[in-house]
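First residue of the sequence shown? That's 1 in the UniProt record's numbering, and the numbers climb one at a time after it. Have a look at the structure below before the remarks.
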Amino acid sequence: MDYLRVSRGVHCQSDQILITEGIHQAIDLVTRMLCDNGDLAWVEEPSYWGSATCWR
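Okay, structure coming up:
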């Protein structure tokens with residue numbers, strides 16, 4: 001946590017960190033944590049090209 005505080009100015013605890021293999025997995029995991037099946041989401045355009053596949 002010291003590295004994040006010093007290099008990025010982020011103050012956090014270890015249980016607040018989620019490490020993923022890439023942006024696609026990160027979007028998918030966050031979506032699963034925050035949304036229920038059938039929820040609607042508004043997405044700006046242009047946006048990350050892979051995000052739409054996570055939300056379908």
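The beta-carbon is built from N, C-alpha and C at its ideal position, and this holds for glycine as well.
*Would you be able to state if there are at least three C-beta pairs under 8 Å between the stretch 21 to 33 and the stretch 41 to 50?*
yes
*Starting from Q25, trace the alpha helix (DSSP H) both ways and give me its first and last residue.*
The sequence position of residue 25 within the sequence shown is 25, counting from 1. From DSSP, the alpha helix (DSSP H) with Q25 extends over I23 to L34.
*Three-state class that DSSP yields for W42 in the structure shown*: As a working mapping, residue 42 is identified with position 42 in the sequence shown. In the structure shown, W42 sits in coil (DSSP, three-state: anything other than H, G, I, E or B).
*Using DSSP with H/G/I as helix, E/B as strand and the rest coil, what is C12?*
For the purposes of this step, residue 12 is taken as the residue at position 12 of the sequence shown. Note: C12 maps to coil in three-state DSSP.
*Could you check where the alpha helix (DSSP H) with S47 kicks off and where it finishes?*
Position 47 of the sequence shown, counted from the first residue, corresponds to residue 47. That residue, S47, is in no alpha helix (DSSP H); it is neither H nor E in DSSP.
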